[in-house]
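Presented below is the structure to which this report refers.
Chains as they are written, first to last, in my numbering: chain A, 6 to 199; chain B, 4 to 224.
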C-alpha cells in the first residue's frame with residue numbers, strides 16, 4: 006500500500022517534471038516560431054508601404070522643389086492638374102521639363118530675345134512652347150477632349166517680376182491665355198514675423 | 004525520423020523571400036527620400052491683356068462700371084489705385100511716396116531682394132530665404148488688407164484685382180499680395196501684425212468670404 010502510494014507520488018513527480026520540461030521546451034522554442042511570424046507581418050507592412058509610396062510617386066502632377074527651384078508658399082485651396090508646365094528656376098526656363106533657355110541672375114540673355122533687350126518675347130521659349138502646344142493639341146484630339154490654352158507656371162520665389170511678365174507675354178504669344186501659378190500650400194501663420 | 008525528414012523538405016519548399024525583402028528594404032528608403040511631403044496648390048491667373056496675339060479674347064469693357072482696382076508693389080510700398088484715381092496716402096508716410104509705405108522704413112527692401120536673389124541662385128537657399136523673409140516683413144501687409152477690405156465693402160460685386168510690380172520685385176511678394184487680397188478675414192481691420200497673421204478666414208457656410216480672388220497680372224513695360 007505504502008509502496009503503491011510512493012509510486013503514485015513518484016508518478017506525480019515524474020508528470021510534473023515532464024510538464025516542466027515540456028514547458029521549458031515550449032518556452033525555448035517559442036522565439037523561433039514568433040520570429041517567423043513577425044517576419045510575415047513585416048513583409049505585409051513593407052508591401053503595403055511600397056505600394057503606397059509607388060502610387061504617391063506617380064500621382065504628383067508637378068514637381069515644385071529642387072536644387073535651383075523653390076516656389077513660394079500660399080494659402081490657396083485649388084489643386085493642380087496635369088497640363089503644360091513652364092518652370093522658371095534660378096538657372097533655366099523649362100517647358101514640360103525640357104530646357105528652353107538659360108537664366109542668369111534673374112534675367113534671360115538679351116541675345117535670346119526677339120527685338121533686343123526691351124522686348125518681352127523670349128524666342129527659344131516661344132519655339133519650345135509652340136512645339137509643346139502642338140503636341141498637346143494632337144493629344145487632346147486623339148483622346149477626344151477639348152484643348153484648353155492653360156499653362157501652369159512654376160516659378161522660383163526669387164524670380165523677378167520682369168522675368169515673370171516676359172514669360173507670360175511669350176506664352177501669350179504662343180496662344181496660352183490662362184495661367185495657374187504653382188505654390189506650396191501653407192498656413193497664414195507661417196508669414197508672421199517672429 | 005521519417006516524419007522529421009518530411010518536415011524539413013516541407014520547409015525547403017517554402018518560398019525564399021530574402022531577395023524580395025532585400026529589394027523592398029532598398030526601395031522603401033529610396034522612395035521615401037525622393038518623395039516630397041509638400042502639398043502643392045495653384046493660383047488662377049488671368050494673363051495680362053496684351054494688344055497682340057489672337058489668344059486674348061476681346062472683351063467689351065465698360066469702363067464706367069469697372070472698379071479697375073490695381074495694386075502695384077514697389078520697393079517703397081504698395082500703390083493702390085482704382086479707375087483713374089489713387090487712394091489717398093496713409094498718414095505718416097513720406098510725401099511723395101506710395102499709398103501704403105513700408106512698415107519698417109529703414110529697411111532697404113530692394114537691396115535685400117537683390118542680395119537674396121544672388122544667394123538663391125548661388126545655391127545658398129537658407130540664407131537667401133532669411134533675407135527674402137526679412138524684406139517681405141518690411142511691407143505693411145496689415146494696412147494693405149485693411150484698405151482692400153474697405154474697398155470691397157463699397158464694391159461688393161468686384162472680384163478682379165490687377166497686380167503690378169516693379170521689375171525687380173520677386174515672385175514671392177506677388178504671391179503674398181494675392182494671398183492677402185484673396186479672402187476676407189474675421190475682422191475688417193487689424194492693427195497688429197501678429198494678430199493679423201494668426202486670424203482665420205471669415206466663413207459663409209463652408210466657404211470663405213471672398214475679397215478679390217481673381218488676380219490679373221499687368222505687364223510692366
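All C-beta atoms in this analysis are idealised placements derived from N, C-alpha and C, irrespective of residue type, glycine included. Everything numeric in this text was worked out from a predicted model, so none of it was measured.
- Where residue 167/B is concerned, the enclosing beta strand (DSSP E) starts and stops at 163 to 168.
- Among the residues of chain B, none has a CB under 7 Å from the CB of residue 117/A; the nearest is roughly 17 Å distant.
- With distances taken between CA atoms, residue 148/B lies nearest to 81/B out of 81/B, 127/B and 117/B.
- Not flagged as an interface residue toward chain B: residue 104/A, since no C-beta distance is shorter than 8 Å.
- A distance below 8 Å between beta-carbons, with the five flanking residues on each side excluded, links residue 77/B to the following residues of its chain, in chain order: 101, 168, 169 and 172.
- Residue range 128 to 140 is occupied by the alpha helix (DSSP H) that includes residue 133/B.
- The shortest C-alpha to C-alpha distance from residue 197/A to any of 24/A, 79/A and 188/A is the one to 79/A.
- For residue 156/B, no beta strand (DSSP E) segment is defined; the enclosing uninterrupted segment is the alpha helix (DSSP H) at 144 to 157.
- For residue 170/B, at least one C-beta of chain A is nearer than 8 Å to its own C-beta.
- Against chain A, the CB of residue 42/B has a partner CB under 8 Å away; the residue lies at that interface.
- For the pair residue 193/A and residue 200/B, the CB atoms are nearer than the 8 Å cut-off.
- Comparing alpha-carbon positions, the option among 105/B, 41/B and 139/B lying closest to residue 179/B turns out to be 139/B.
- Burial is judged here by how many other beta carbons sit within 10 angstroms of a residue's own beta carbon; residue 61/A has fewer than 16 and is exposed.
- With a 10 Å radius around the Cβ and a threshold of 16 neighbouring Cβ atoms, residue 26/B comes out exposed.
- Scanning chain A for C-beta atoms nearer than 8 Å to the C-beta of residue 173/B yields 162, 163, 164, 165 and 166, reported in chain order.
- Contact between the region 46 to 58 of chain A and the region 114 to 122 of chain A is absent, with fewer than three C-beta pairs closer than 8 Å.
- Taking a C-beta distance under 8 Å as the contact criterion, residue 183/A and residue 76/A do not qualify as a contact pair.
- The beta carbon of residue 125/A sits closer than 6 Å to the beta carbons of 171 and 174 from its chain, once the five residues preceding and following it are set aside; these are given in chain order.
- Closer than 8 Å to the CB of residue 79/A there is at least one CB belonging to chain B.
- For residue 213/B, the secondary structure class from DSSP, reduced to helix, strand or coil, is strand.
- Taking the beta carbon of residue 182/B as reference, the chain A residues within 8 Å of it are 79, 80, 81, 193 and 196, listed in sequence order.
- The region 89 to 107 of chain A makes contact with the region 143 to 160 of chain A: 3 or more CB pairs, one atom from each, lie closer than 8 Å.
- Contacts between residue 187/A and chain B, judged by CB atoms closer than 7 Å, involve 43 and 45 in chain order.
- With a 10 Å radius around the Cβ and a threshold of 16 neighbouring Cβ atoms, residue 29/B comes out exposed.
- Taken through DSSP and simplified to helix, strand or coil, residue 119/B comes out as helix.
- The C-beta of residue 210/B has fewer than 16 other C-beta atoms within 10 Å across all chains shown, which makes the residue exposed.
- For residue 219/B, not one C-beta of chain A is nearer than 8 Å to its own C-beta.
- When the Cα atoms are used, residue 73/A and residue 35/B turn out to be separated by approximately 21 Å.
- Residue 144/B and residue 205/B have their C-alpha atoms some 18 Å from each other.
- Relative to the Cα of residue 98/A, the nearest Cα in the group 132/A, 82/A and 86/A belongs to 132/A.
- About 7 Å separates the Cβ atoms of residue 217/B and residue 49/B, confirming a contact at the 8 Å cut-off.
- Measuring C-alpha to C-alpha distances from residue 86/B to each of 158/B, 108/B and 37/B identifies 158/B as the nearest.
- Between residue 214/B and residue 129/B the beta-carbon gap is near 33 Å, outside 8 Å, which marks them as no contact.
- Under the 10 Å beta carbon count, residue 70/A is surrounded by fewer than 16 other beta carbons and is classified as exposed.
- Identification of chain B residues near residue 62/A by a Cβ-Cβ cut-off of 9 Å yields 34, 37 and 38, ordered along the chain.
- Residue state for residue 73/B is assigned as strand, using DSSP reduced to three classes.
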